[in-house]
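Following: one structure in structure tokens, then a few remarks.
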Amino acid sequence: MGTDTVITLFDELDQDWSRQMARGEGARALTGWRQREPRLGGFDSVQQLMRFLGDRRQDPEDQSDVLLSLLEIGRGDALALRLVLQRFVPALKRIASWDVPFTQPDWNARVVSAAYDVIASYPVEDRPRAVSVNIVWDIRKRLFSELDSHRCTQAELLGDLPENVFVAPDPSQAVEAAAMLRWAVRRARVAPKDAFLIAVTRVAGVPLTEVAAKEGVPCTRLRQQRLRVERQMRRVLSAA
1 MGTDTVITLF DELDQDWSRQ MARGEGARAL TGWRQREPRL GGFDSVQQLM RFLGDRRQDP
61 EDQSDVLLSL LEIGRGDALA LRLVLQRFVP ALKRIASWDV PFTQPDWNAR VVSAAYDVIA
121 SYPVEDRPRA VSVNIVWDIR KRLFSELDSH RCTQAELLGD LPENVFVAPD PSQAVEAAAM
181 LRWAVRRARV APKDAFLIAV TRVAGVPLTE VAAKEGVPCT RLRQQRLRVE RQMRRVLSAA
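So in the numbering used here, spot 204 of the sequence shown is number 204, and the numbers just go up one at a time.
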């Protein structure tokens with residue numbers, strides 16, 4: 001019995017790019033780009049251009065000049081921006097492998113969105129050197145900021161909650177809460193049984209009294225246990 005292949009957003013980007021090139025969109029666009037930007041005159045095909053941008057043996061300053069040309073053209077040409085985005089897909093895949101408190105499809109979408117925003121708004125006049133490094137660094141900074149904001153929100157969420165308030169009142173939040181608990185087990189040294197307690201009472205909404213009765217332990221003990229773990233998670237999330 002075969003295993004189903006999961007198609008990621010990056011696979012879709014690669015497939016979309018291949019379709020555009022197969023239709024000749026890149027070749028037609030390159031003809032116009034070469035007329036506008038002399039720095040693109042030495043490239044006979046988009047494939048040659050992409051190989052040049054991804055080749056670490058090339059002079060970084062020459063690569064920066066070519067990227068600057070594409071970014072300038074991209075202010076009025078979506079395909080030029082799409083080409084630059086495709087150039088950075090390998091780096092985006094590495095960023096997508098970070099250990100984060102999001103589902104993988106959600107995190108992939110955040111990574112690609114941040115990359116497109118950085119590329120579309122790159123200050124060509126102010127930062128003409130080390131363009132590849134700057135773009136990757138700007139993407140990482142945006143995502144670090146997003147993670148910090150998310151973790152602060154989650155840390156507040158894990159405060160001293162009333163007994164009848166649940167972390168996840170709807171399915172989408174439940175998925176996010178489950179991802180955060182998996183992260184807590186891996187990174188915050190939260191025991192699986194403690195994560196299960198939080199999932200059952202905070203996410204699924206089972207009253208703590210029912211859990212205590214089923215396990216045959218005092219409710220106050222479970223409440224103290226849960227509070228200790230939530231404070232531990234809050235400290236780790238705030239410091240991350």
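Glycine residues also receive a C-beta, built at the ideal position from the N, C-alpha and C atoms.
What three-state label does DSSP hand residue i in the structure shown?
{"i": "Arg235", "result": "helix"}
{"i": "Asp11", "result": "helix"}
{"i": "Arg23", "result": "coil"}
{"i": "Phe43", "result": "coil"}
{"i": "Arg127", "result": "coil"}
{"i": "Tyr116", "result": "helix"}
{"i": "Gly159", "result": "Residue placement at Gly159 is poorly supported in this model, since its pLDDT is 49, which falls under 50; the coordinates are not used for a value here."}
{"i": "Pro218", "result": "coil"}
{"i": "Thr31", "result": "helix"}
{"i": "Lys141", "result": "helix"}
With respect to the alpha helix (DSSP H) encompassing residue i, which residues constitute its N-terminal and C-terminal limits?
{"i": "Thr103", "result": "Element bounds for Thr103: n/a, residue is neither H nor E."}
{"i": "Ala199", "result": "Neither: Ala199 is in no alpha helix (DSSP H) and is coded neither H nor E."}
{"i": "Gln58", "result": "Note, Gln58: premise wrong, no alpha helix (DSSP H); not H, not E."}
{"i": "Arg94", "result": "Val89 to Ala96"}
Can you tell me whether residue i is buried or exposed, with buried defined as 16 or more other CB within 10 angstroms of its CB?
{"i": "Leu40", "result": "buried"}
{"i": "Gly26", "result": "buried"}
{"i": "Ile135", "result": "buried"}
{"i": "Pro169", "result": "Model confidence at Pro169 stands at a pLDDT of 42, short of 50, so the residue's coordinates are unreliable; what they give is reported in the following sentence. Exposed is the call here."}
{"i": "Ile95", "result": "buried"}
{"i": "Glu230", "result": "buried"}
List the whole-angstrom C-beta distance separating residue i from residue j, where the pair is believed to meet the contact cut-off of C-beta under 8 Å.
{"i": "Pro101", "j": "Trp183", "result": "4 Å"}
{"i": "Leu85", "j": "Ala115", "result": "6 Å"}
{"i": "Leu67", "j": "Ser121", "result": "So it is not a contact: roughly 14 Å between Cβ atoms."}
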